[in-house]
Amino acid sequence: MKKEARILLLGLDAAGKTTILYKLKLGETTVTIPTIGFNVETVEYKNLTFTMWDVGGQKVIRNLWYHYYHGTQGLIFVVDSSDRERLQEARDELWAVLEADELKDAFLLVFANKQDLPNAMRPSEITEGLALHKFPPSRKWYVQATCAVNGEVWYAVFNMQKEARILMVGLDAAGKTTILYKLKFGETVATLPTIGFNVETVEYRNIKFTVWDVGGQTRVRPLWQYYYSGTHGLIFVVDSSDRDRLGEAKEELWSMLNSPELKDTVLLVLANKQDQPKAMKPSEVADGFELHNLPSSRIWKIQGTCAVNGEGISEGLDWLGKEIAHFL
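Quick note: the sequence shown uses our numbering, first residue 1387, plus one each step.
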């Protein structure tokens, strides 16, 4: 049974929207002219049928974009990565579009296009320039580097939402529950020590994470093993200011990673509490944990974070989501 989705393709003029549309439709690069009005094509991919509306991006046309919002399930916003001078203009237009009530539930995919050009901004620069991290947690978005002319449009991003099971552990008082609710609600929540577990569903970019936050007290840790089954990603949270217990945290982490149920699990270490004056840098935590001694088959990353103000959490989740997506 084919599923159908209505996709709106927007962006400033000359961003490469029409080239992308026909690359998806025909599988080849076609000569295009500036779009006055719109192009509409049906694109079939796996069990999905996309009706894609490519609307012109010239200034005189942009005030007509809202006529195409109704019924849109996915918004693709195309950016010319080589056009630094107009990145602010693109940001203003994108934010104006997303204020529309008709698009409040639409998934946002940003194509950082023209990556083949020598001065192209990286996707991380586009993310920063468009202020995507300032979106509310309810807004699902993703940035993908593309080159329309050689076909690097990455069909995989059209799998609109994937689900992943994440296990979040660490010693007591590392900040696990604060991080969980920062992800869930976008704000700092007063927490108590976790006896047992908290479980929340967090929608982030194009992945729905089921996050299990399990208590870290010594007497609770033997129970961690009961949460291993089916885990795609392991988040291990460390209090970077607690030098005295770094060895203890290392032993617990290595003990977990020796479990056959976690042998293919992606590991994200959050070096938390970076706001504390004597906090260890992520590189110090990595050395203390001997992460570089993990087998080459283990996919891992360490990310400095501050749970109370949210710094570093998005970057860590971005990486985790991209790595897990390969296995979903």
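Even glycine gets a Cβ: it sits at the ideal position worked out from N, Cα and C.
- Residues of the same chain with a CB within less than 8 Å of the CB of arginine 1470, apart from the 5 flanking positions on each side, are Asn1505 and Met1507 in chain order.
- Per DSSP, reduced to three states, the secondary structure at arginine 1684 is coil, with no helix or strand assignment.
- Within the stretch 1474 to 1546, the runs of alpha helix (DSSP H) that reach at least 4 residues and sit entirely inside it are, in chain order, 1509 to 1515.
- Ranking Ala1498, Asp1628, Glu1485 and Leu1450 by CA distance to the CA of lysine 1664 puts Asp1628 first.
- Valine 1597 and glutamate 1488 have their C-alpha atoms some 30 Å from each other.
- Within the same chain, Ala1486 come within 7 Å of tyrosine 1452 by CB-CB distance, once the 5 residues on both sides are set aside.
- With respect to the 7 Å criterion, alanine 1482 and proline 1509 are not classified as neighbours on the basis of their beta carbons.
- Membership of arginine 1448 in the alpha helix (DSSP H) is indicated by the continuous run 1445 to 1448.
- In this structure, isoleucine 1685 lies away from alanine 1672, with their beta-carbon atoms at least 7 Å apart.
- In this structure, the beta-carbon distance from valine 1535 to threonine 1513 does not fall below 7 Å.
- When the five nearest sequence neighbours on each side are left out, the beta carbons in the same chain lying within less than 6 Å of the beta carbon of leucine 1503 are those of Ser1468, in order along the chain.
- Every alpha helix (DSSP H) stretch that sits fully inside the stretch 1607 to 1687 and reaches 4 residues is listed by chain position as 1632 to 1643 and 1668 to 1675.
- In the three-state reduction of the DSSP assignment, alanine 1550 falls in the strand class, which pools E and B.
- The three-state reading of DSSP puts glycine 1561 in coil, since its state is none of H, G, I, E or B.
- Between lysine 1659 and glycine 1556 the beta-carbon gap is near 11 Å, outside 8 Å, which marks them as no contact.
- Spatial neighbours of glycine 1443 in its own chain (CB-CB distance under 8 Å, excluding positions within 5 residues in sequence) are listed in chain order as Leu1396, Gly1397, Leu1398, Asp1399, Ala1400, Ala1401, Lys1403 and Thr1421.
- For glycine 1696, there is no enclosing alpha helix (DSSP H), as DSSP marks it with neither H nor E.
- Closest in C-alpha terms to leucine 1495, from the list Leu1656, Lys1526 and Asn1584, comes Lys1526.
- The beta carbon of glutamate 1390 sits closer than 6 Å to those of Thr1435, all from its chain and outside the five residues before and after it, given in chain order.
- Take arginine 1477, set aside five residues on each side of it, and the residues of its chain with a beta-carbon closer than 8 Å to its own are Gly1515, Leu1516 and Ala1517, in chain order.
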